[in-house]
Amino acid sequence: MDIKNEVLYRVYFLLFGLLLPAAGFLLYSTVNIAILEGEHWREQGRQNYVKPRAVPAERGNIYALDGSLLATSVPYFDLYFDPFASSEADYYANVDTLSYLLATYVDNTYTPGGFRDYLIQLRDTSNNRRMNRNVPLKKSVSFSEKSRIQSFPLFNKGQFRGGLIAKKLSGRKRPFGLLARRTIGYVREDKQPVGLEGRFDSILGGQEGTQMMIKVDPQSDLWLPLNDLSEVEPRSGDDIVTTIDVNLQDIAEEALLAGMRRHQPDWGTAIVMDVETGAIRAIANLGRDDAGEGYYEMYNYAIAMATEPGSTFKLATMMALLEDGHVKLTDSVDIEKGKTIFYEIEMEDASSYSFKLDSITVQRAFEISSNVGMAKLVDRFYNLPDNGNKNKGAYQYLQRIRDFNLDLPTNIELEGEANPYLKNAYSEEDQWSLVTLPWMATGYEVRLTPLQTLTFYNAVANNGRMMKPYLVSRVERNGETVDIMKPTVVKKAIASKSTIEKARLLLEGVVERGTASKLRTNQYRFAGKTGTAQVNYSRSSRGTRVGGYQASFAGYFPADKPKYSCIVVVYKPREGGIYGGDVAGPIFREIADKCFNSMIDLHDPLNDGPRPVLYERNLPGFELGEEKDMRMVLDYLDIPYYGNPETPMVVMSASSDSLFIQNRTMSESKVPSVVGMGLRDAVFVLENRGLKVITEGAGRVVRQSIRPGTSTRGQTIKLTLG
4 MDIKNEVLYR VYFLLFGLLL PAAGFLLYST VNIAILEGEH WREQGRQNYV KPRAVPAERG
64 NIYALDGSLL ATSVPYFDLY FDPFASSEAD YYANVDTLSY LLATYVDNTY TPGGFRDYLI
124 QLRDTSNNRR MNRNVPLKKS VSFSEKSRIQ SFPLFNKGQF RGGLIAKKLS GRKRPFGLLA
184 RRTIGYVRED KQPVGLEGRF DSILGGQEGT QMMIKVDPQS DLWLPLNDLS EVEPRSGDDI
244 VTTIDVNLQD IAEEALLAGM RRHQPDWGTA IVMDVETGAI RAIANLGRDD AGEGYYEMYN
304 YAIAMATEPG STFKLATMMA LLEDGHVKLT DSVDIEKGKT IFYEIEMEDA SSYSFKLDSI
364 TVQRAFEISS NVGMAKLVDR FYNLPDNGNK NKGAYQYLQR IRDFNLDLPT NIELEGEANP
424 YLKNAYSEED QWSLVTLPWM ATGYEVRLTP LQTLTFYNAV ANNGRMMKPY LVSRVERNGE
484 TVDIMKPTVV KKAIASKSTI EKARLLLEGV VERGTASKLR TNQYRFAGKT GTAQVNYSRS
544 SRGTRVGGYQ ASFAGYFPAD KPKYSCIVVV YKPREGGIYG GDVAGPIFRE IADKCFNSMI
604 DLHDPLNDGP RPVLYERNLP GFELGEEKDM RMVLDYLDIP YYGNPETPMV VMSASSDSLF
664 IQNRTMSESK VPSVVGMGLR DAVFVLENRG LKVITEGAGR VVRQSIRPGT STRGQTIKLT
724 LG
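Printed below as a string of structure tokens:
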């Protein structure tokens, strides 16, 4: 055998004896892994023990108008224990002390001895016991409690040497409890997001980060970070500042709850709106629980429940008649002692005012809420045969209602607003009939939510300017304002100036002489309209079957210079009356009383007017300012004064014929009162405390948007000068 053949034999041996079997084995393994056991290994890949995982961002806060927290995220922890993370020596050296501490401070269902046996059993893997690497210790632990447990022996060696596993979670807390619960809302995996939490979820939620994590146990879904550094840092959510005034919200909720307990209805709602801006200051919703044992804020009836409004709609009817020039307030209408027939269907007044009256003025018919009076006027001027003229008859009446925006939703920031319902003139699909207009004139065959009705009344209080209702005033990031939601004018004028003036006169007359006269007060004047509507009814020529009533009151206060508008709706009261003036009116009055008594800006200043003359000289009144500036002015004017203050800001006051300069102490961590200061001094004081100042008007500060004593946290404060 020559050398060449010997080499070839060896090559063949390597090829067929070693390489081919190896190739066959590799081919088999490939087929086995990819096909025969493919799903198993793909599942292992999905459960890879180390991979990047999403890190949730810290959710933003929700604040009230004055900076009070309405909703915030509070961290908590679920604690687990890996008995195999530490060395055997460390484990058994600390097991006695650890058992005592765990039994004493973590889980007292065990004795120290029982806990020791349990810990030893966890470490034991004999008899084919599986290594359990994430033993639950305690759920929902606060940060301070977690820190204490981390100081226990063994646990103080850290996660990878001591075995304590802390899974960070976040819970949403409301410092004011159930206050404005439904308006604030929630975001949950198992439920549809609601309220401000749901509507502003993209802003509050922030942006997730990513971090390399390790899976502690193949049998669980517990992932822990490998280190404290994220590959992509999560960005915390922005904060939103609402228009809610916690004091007014509390007033509205307490008044509504007291009324609900008196009258035992199915549900009720109360809304308070700032007349000038449309900002919602309070929105309360209460419904009866399933057991009928109490009332809770479980549904936002204010925006989601569209019902026939009843007599509060008569304001729109009167304004339509006035705008079209069909009536004057002094015109007469025959109310036929409160009962008449429209096309074989009987209509009667609910108020006892009507039962002895025949011909009365249009204004009086509105004040006593005469259904017959309103329906006869609309029937006379608008219930004409359809001749195709879009400017007459029912077309004209409905166009006026649309001019008042009562056919459109308010588009408030909350999800779930019900659309208003307004029939189309002469439409068979809408079941239009001869009695549609007379009944629509009194608030039937039309549907509105309480908020849509209030927006209309608010426009009347605001001299015809309709404002969009809103709940969020600005968005903040780390205390800095990043977006401001300014008041939005929906319509500069919903009606002529003359009609608005007459509408306000009518609403004042309801309280002075009409169905709400028993609600009058000598403290201040308010205006509004009572409403009583039948619900679940059926009508025919043989009579009416009624399944309950809805009582309401819509109005504003004070009547001469409206500051707030308010509506109260109570659905199906069972005790203590059914009429708007008896059920909803007193709730409105209680809200208005407490608002008026608690809000200083609703009162005329006691010192408003010329200052008194003292000894033939006028002394300066109450003034605030910087000490050196005050001295310079008084010295220049050669006015004697007393006092040696030690604070940078001082207060100057007059007593008899003398002037005094006194200390003005202001907290560094609270919002001070700057009313009375000049703009320069006020801005200096507020910005030194981290506040951002916006102003309106000229002169000295007469009003500030954030109450004195509120904790400072970089809010934006509005100063009104005058």
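Taken in order, the sequence shown gives residues 4 to 725; the numbers are from the numbering used here. Yeah, the Cβ is synthetic: ideal placement off N, Cα and C, and Gly gets one too. Quick caveat: nothing in here was measured; it's all calculated off a predicted structure.
Of all C-beta pairs linking the region 158-165 to the region 275-289, fewer than three are shorter than 8 angstroms, placing the two stretches out of contact. In the three-state reduction of the DSSP assignment, Y385 falls in the helix class. Taking all protein chains shown into account, T445 has 16 or more neighbouring C-beta atoms within 10 Å of its C-beta and is therefore buried. Per DSSP, the continuous beta strand (DSSP E) segment holding N288 begins and ends at 283-291.
Around the beta carbon of E432, fewer than 16 other beta carbons lie within 10 angstroms, which makes this residue exposed. Fully enclosed beta strand (DSSP E) runs of no fewer than 3 residues occupy 342-345, 348-351, 362-364 of the region 342-416, in order along the chain. Contact between the region 396-407 and the region 358-372 is absent, with fewer than three C-beta pairs closer than 8 angstroms.
The secondary-structure analysis by DSSP pairs E479 across a beta bridge with D242, T484. Here F80 is bridged, per DSSP, to V144, K171.
CA-CA distance, S173 to F146, rounds to 11 angstroms. The beta carbon of K170 sits closer than 6 angstroms to the beta carbons of D81 from its chain, once the five residues preceding and following it are set aside; these are given in chain order. DSSP, reduced to helix, strand and coil, places L125 within a helical segment of the structure shown. Linking S314 to M470 through their CA atoms gives a straight-line distance of about 23 angstroms. Counting C-beta atoms within 10 angstroms of its own C-beta, A92 has fewer than 16 neighbours from the protein chains shown and is therefore classed as exposed. Within the same chain, and ignoring the five residues on either side of Y424 in sequence, the residues whose Cβ sits closer than 6 angstroms to its Cβ are R450. Within its own chain, the residues whose Cβ lies closer than 7 angstroms to the Cβ of A685, once the five positions on either side in sequence are excluded, are V677, V704, L722, listed in chain order. Counting along the chain, F529 sits inside no beta strand (DSSP E), nor does DSSP assign it H or E at all. D382 has its alpha-carbon roughly 29 angstroms from the corresponding atom of A587.
In this structure A530 is in contact with R507, their Cβ atoms being roughly 6 angstroms apart against a cut-off of 8 angstroms. Our two residues, I415 and S154, have alpha carbons roughly 50 angstroms apart in a direct line.
In this structure, the alpha-carbon of L387 lies about 10 angstroms from that of L440. Here the alpha carbon of D242 sits roughly 32 angstroms from the alpha carbon of G679. In its chain, beyond the 5 residues on either side, A421, T452 have a beta carbon closer than 7 angstroms to the beta carbon of M308. Distance from A285 to I247 at the Cβ level is roughly 7 angstroms; contact confirmed, criterion being Cβ atoms closer than 8 angstroms.
Under the DSSP assignment, Y559 falls in the beta strand (DSSP E) whose first and last residues are 552-560. Counting the other CB atoms within 10 Å of its CB gives M635 a total below 16, which places it among the exposed residues. By the Cβ neighbour-count rule, K575 is buried, with 16 or more other Cβ atoms within 10 Å of its own.
Secondary structure in the region 679-720: the beta strand (DSSP E) runs of 3 residues or longer, each lying completely within the stretch, are 695-700, 704-707 in chain order.
Contact check for I274 against C569 passes: the beta carbons are separated by less than 8 angstroms. Per DSSP, Y460 is one residue of the alpha helix (DSSP H) stretching across 453-464. Shortest Cα-Cα distance from V688 to any of A701, S670, G702 involves S670.
In this structure, the beta-carbon distance from R477 to T186 does not fall below 8 angstroms.
Distance from the CA of L260 to the CA of G271, rounded to the nearest whole angstrom, comes to 9 angstroms. Look at K489 here: in three-state DSSP terms it is coil, with no helix or strand label. One Cα belongs to Y398, the other to N408, and the distance between them is close to 15 angstroms.
Counting along the chain, S205 sits inside the alpha helix (DSSP H) bounded by residues 204-207.
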